[in-house]
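Participant:
Numbering (full-length UniProt numbering), first residue to last: 1 to 414.
(1) If you check the beta carbons only, do residue 301 and residue 335 fall under 7 Å apart?
(2) DSSP on residue 328, reduced to helix/strand/coil?
(3) Report the residue ranges of all beta strand (DSSP E) runs contained in full by the region 190 to 267; include only those spanning at least 3 residues, in chain order.
(4) Could you tell me the boundaries of the alpha helix (DSSP H) in which residue 54 lies?
(5) Quick one: Cα of residue 354 to Cα of residue 20, how far?
(6) Give the list of continuous beta strand (DSSP E) stretches no shorter than 3 residues that lie fully inside the region 125 to 184.
(7) For residue 176, which option in 203, 22, 130 and 13 has the closest C-alpha, if you only look at C-alpha atoms?
(8) Starting from the Cα of residue 351, find the closest Cα among 373, 297 and 372 and give me that residue.
(9) Which value, in whole angstroms, describes the spacing of the CA atoms of residue 199 and residue 378?
(10) Kindly identify the DSSP beta-bridge partner or partners of residue 114.
(11) Below 7 Å between beta carbons: does that hold for residue 317 and residue 358?
(12) Let me check understanding here. Comparing Cα to Cα, which of 245, 340 and 328 lies closest to residue 195?
(13) Give a yes or no on contact between the region 38 to 52 and the region 260 to 277, applying the rule of three or more CB pairs nearer than 8 Å.
(14) Tell me whether the beta-carbon of residue 197 lies closer than 7 Å to the beta-carbon of residue 243.
(15) Can you pull the DSSP bridge partners for residue 319?
(16) Alpha carbon to alpha carbon, what distance is there between residue 71 and residue 87?
(17) If residue 59 sits next to residue 82, beta carbons under 8 Å apart, how far is it from one beta carbon to the other, in whole angstroms?
(18) Among 326, 241, 365 and 323, which one has its Cα closest to the Cα of residue 42?
(19) Please confirm whether residue 123 and residue 188 have their CB atoms less than 7 Å apart.
(20) Assign residue 225 to one of two classes, buried (16 or more other C-beta atoms within 10 Å of its C-beta) or exposed (fewer than that).
(21) Sort out for me which residues DSSP pairs residue 290 with in a bridge.
(22) If you pair each beta-carbon of the region 359 to 367 with each one of the region 280 to 288, do three or more pairs fall below 8 Å?
(23) How is the alpha helix (DSSP H) around residue 403 delimited, first residue to last?
(24) I need the straight-line Cα distance from residue 26 to residue 370, nearest angstrom please.
(25) Tell me whether residue 105 sits in a helix, a strand or coil according to DSSP, three-state version.
(26) Specify the secondary structure class of residue 285 as computed by DSSP and reduced to three states.
(27) Cα separation between residue 397 and residue 22?
(28) Residues in its own chain within less than 8 Å of residue 215 by CB, not counting five upstream and five downstream?
(29) Assign residue 15 to one of three DSSP states: helix, strand, or coil.
(30) What's the C-alpha gap between residue 227 and residue 292?
(31) Using CA coordinates, which residue listed in 365, 61, 77 and 1 is at the minimum distance from residue 395?
(32) Can the beta-carbon of residue 376 be found less than 7 Å from the beta-carbon of residue 55?
(33) Going by DSSP in three states, residue 391 sits in which element: helix, strand or coil?
(34) Could you check where the beta strand (DSSP E) with residue 350 kicks off and where it finishes?
(35) Less than 7 Å between the beta carbons of residue 349 and residue 330, yes or no?
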């Protein structure tokens, strides 16, 4: 079973002040995870966690991570703008199908640019000029497997470049005067195994040797990207970041150090691992309905949490108001005119009554950030449960005037 990081008494008080639905984040848990990650990779003197802004783009959350020594990885120019406004010094820019003005801005603010395609080398040079440091994103193709378990299919991914393109890219960049080089790869998503990062690291470390031999380039850093998941389901076992860090350390000492590359810095982008388990979507039961199934209708919807509708992803649900109620098999649904607007299907849950408060777990990453406005449903508030137990509004809920603000000519925008 999963236990909410907030008590029923705390939630009762918070929901009196802030109407549901809302996303709630646990400051204490966020800080503890950030410190655990930094400790797990402390053996590498240049280590830096570049939190993926796309996972949880809230300045209050980013400032907590900044205080814990993290940098940020940005996918768009607006995310870079947010990072600059927060005075981040360590910013990476990992984009694809990138507009010229985005490269120009990233170059202007000194973000480390991670190129997704070989063709983007010439494009970046033309529109913004090549900086002293450039990273290239690698896609090995085929499938990525751990033993007999297929973890993902890189060849189906739109991200990254082939090995031949990668090697040629380093040759081109070196000839054009680039001085510092990075390597980046993302081969599997949301892995629940301590073996993913060490296996990936071993492959990239071997590739670093090949890059040096073929091109004369000695990498300055290797970015293992994201892909380390969490235990969304109680049946899953949480990853142990200390074991993962030690596994990468062993590969580093086996492969890079004996070949004179022990100075390479290790970077990560652990957006999901850093934040997902430290967020709840808090919602209340509005209606009960019985037809061919028993439906529990709540005031949240896929607007607030898209993953179950988009990926059929599992998110655990706790009935905080009636945790010991008799078990019922239910679908938990939102109000959108879409049949996939369901947080749970045929799920056994304690009896839900109108007015009960439900906690949907593990929404701290790719939760609020994937929201949208279908059916003119408005995005929810975000609230921080601070270390002292108090609740702080860190993003207000949208209002109808926010929805109308970009419309002109019909008197709605005012």
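Heads up, the beta-carbon is just placed ideally off N, CA and C, and yes, glycines get one too.
Note that the structure is predicted; figures quoted are calculated from it, not measured.
Facilitator: Walking through what the data contain:
(1) Looking up residue 301 in the chain shown gives position 301. Looking up residue 335 in the chain shown gives position 335. Closer than 7 Å, so yes.
(2) Within the chain shown, residue 328 is the residue found at index 328, counting from 1. DSSP places residue 328 in strand when its eight states are reduced to three.
(3) DSSP assignment within the region 190 to 267 yields the following whole beta strand (DSSP E) runs of 3 residues or more, N-terminal first: 221 to 223.
(4) The residue given as residue 54 occupies position 54 in the chain shown. Residue 54 -> no alpha helix (DSSP H), and no H or E assigned at all.
(5) As a working note, residue 354 is residue 354 in the chain shown. As a working note, residue 20 is residue 20 in the chain shown. The alpha-carbon atoms of residue 354 and residue 20 are separated by roughly 14 Å.
(6) List check, beta strand (DSSP E) in window: 133 to 138, 144 to 146 and 149 to 152.
(7) For the purposes of this step, residue 176 is taken as residue 176 along the chain shown, with counting starting at 1. Nearest C-alpha to residue 176: 130.
(8) Taking the first residue of the chain shown as position 1, residue 351 is located at position 351. For the options 373, 297 and 372, the alpha carbon positioned closest to that of residue 351 is the one of 297.
(9) Working through the chain shown from its first residue, we reach residue 199 at position 199. Working through the chain shown from its first residue, we reach residue 378 at position 378. Each residue's alpha carbon lies about 42 Å from the other.
(10) In the chain shown, residue 114 corresponds to position 114, counting from 1. Paired residue(s): 94 and 135.
(11) Translated into the one-based positions of the chain shown, residue 317 becomes position 317. Translated into the one-based positions of the chain shown, residue 358 becomes position 358. The answer is yes: Cβ separation under 7 Å.
(12) Locating residue 195 in the chain shown gives position 195, counting from the first residue. Checked all of 245, 340 and 328; the closest Cα to residue 195 is 245.
(13) Contact holds: three or more Cβ-Cβ distances are below 8 Å.
(14) Counting from 1 along the chain shown, the entry for residue 197 is found at position 197. Counting from 1 along the chain shown, the entry for residue 243 is found at position 243. Result no, Cβ atoms of residue 197 and residue 243 do not sit closer than 7 Å.
(15) Locating residue 319 in the chain shown gives position 319, counting from the first residue. Residue 319 is bridged by DSSP to 358.
(16) Your numbering for residue 87 matches position 87 in the chain shown. Your numbering for residue 71 matches position 71 in the chain shown. Between residue 87 and residue 71, the C-alpha separation is close to 10 Å.
(17) On the chain shown, residue 59 is found 59 positions in, with the first residue counted as 1. On the chain shown, residue 82 is found 82 positions in, with the first residue counted as 1. Their Cβ separation, rounded to whole angstroms, is 7 Å, which keeps residue 59 and residue 82 in contact under 8 Å.
(18) Counted from its first residue, the chain shown places residue 42 at position 42. Comparing Cα positions, the closest option is 241.
(19) Translated into the one-based positions of the chain shown, residue 123 becomes position 123. Translated into the one-based positions of the chain shown, residue 188 becomes position 188. No, the Cβ-Cβ distance between residue 123 and residue 188 is not below 7 Å.
(20) Stepping through the chain shown from its first residue, residue 225 is reached at position 225. With a threshold of 16 other beta carbon atoms within 10 Å, residue 225 meets it and is buried.
(21) The residue labelled residue 290 in the question sits at position 290 within the chain shown. BP columns for residue 290 point to 294.
(22) Short answer: they touch.
(23) Position 403 of the chain shown, counted from the start, is the residue given in the question as residue 403. Taken as a continuous stretch (DSSP letters only), the alpha helix (DSSP H) holding residue 403 covers 400 to 404.
(24) Taking the first residue of the chain shown as 1, we reach residue 26 at position 26. Taking the first residue of the chain shown as 1, we reach residue 370 at position 370. Residue 26 and residue 370 have their C-alpha atoms some 19 Å from each other.
(25) On the chain shown, position 105 is the one that residue 105 refers to. Looking at residue 105 - three-state DSSP - the assignment turns out to be helix.
(26) Working through the chain shown from its first residue, we reach residue 285 at position 285. When DSSP states are grouped into helix, strand and coil, residue 285 belongs to the strand group.
(27) Here residue 397 is taken as the residue at index 397 of the chain shown, counted from 1. Here residue 22 is taken as the residue at index 22 of the chain shown, counted from 1. Using only the alpha carbons, I get a separation of about 8 Å.
(28) As a working mapping, residue 215 is identified with position 215 in the chain shown. Cβ-Cβ distances below 8 Å link residue 215 to 167, 170, 171 and 174 in the same chain, with the five nearest sequence neighbours on each side left out; the list follows chain order.
(29) Within the chain shown, the letter at position 15 stands for residue 15. DSSP places residue 15 in helix when its eight states are reduced to three.
(30) On the chain shown, residue 227 is found 227 positions in, with the first residue counted as 1. On the chain shown, residue 292 is found 292 positions in, with the first residue counted as 1. Going from the Cα of residue 227 to the Cα of residue 292 covers about 38 Å.
(31) For the purposes of this step, residue 395 is taken as residue 395 along the chain shown, with counting starting at 1. Nearest to residue 395 by alpha-carbon distance, out of 365, 61, 77 and 1, is 61.
(32) Here the question's residue 376 lines up with position 376 in the chain shown. Here the question's residue 55 lines up with position 55 in the chain shown. No, the Cβ-Cβ distance between residue 376 and residue 55 is not below 7 Å.
(33) Within the chain shown, the letter at position 391 stands for residue 391. The answer is strand: DSSP assigns residue 391 an E or B state.
(34) Walking along the chain shown from the start, residue 350 turns up at place 350. 342 to 350 is the span of the beta strand (DSSP E), which, as asked, contains residue 350.
(35) Numbered from 1 along the chain shown, position 349 holds the residue referred to as residue 349. Numbered from 1 along the chain shown, position 330 holds the residue referred to as residue 330. For residue 349 and residue 330, yes; Cβs fall inside 7 Å.
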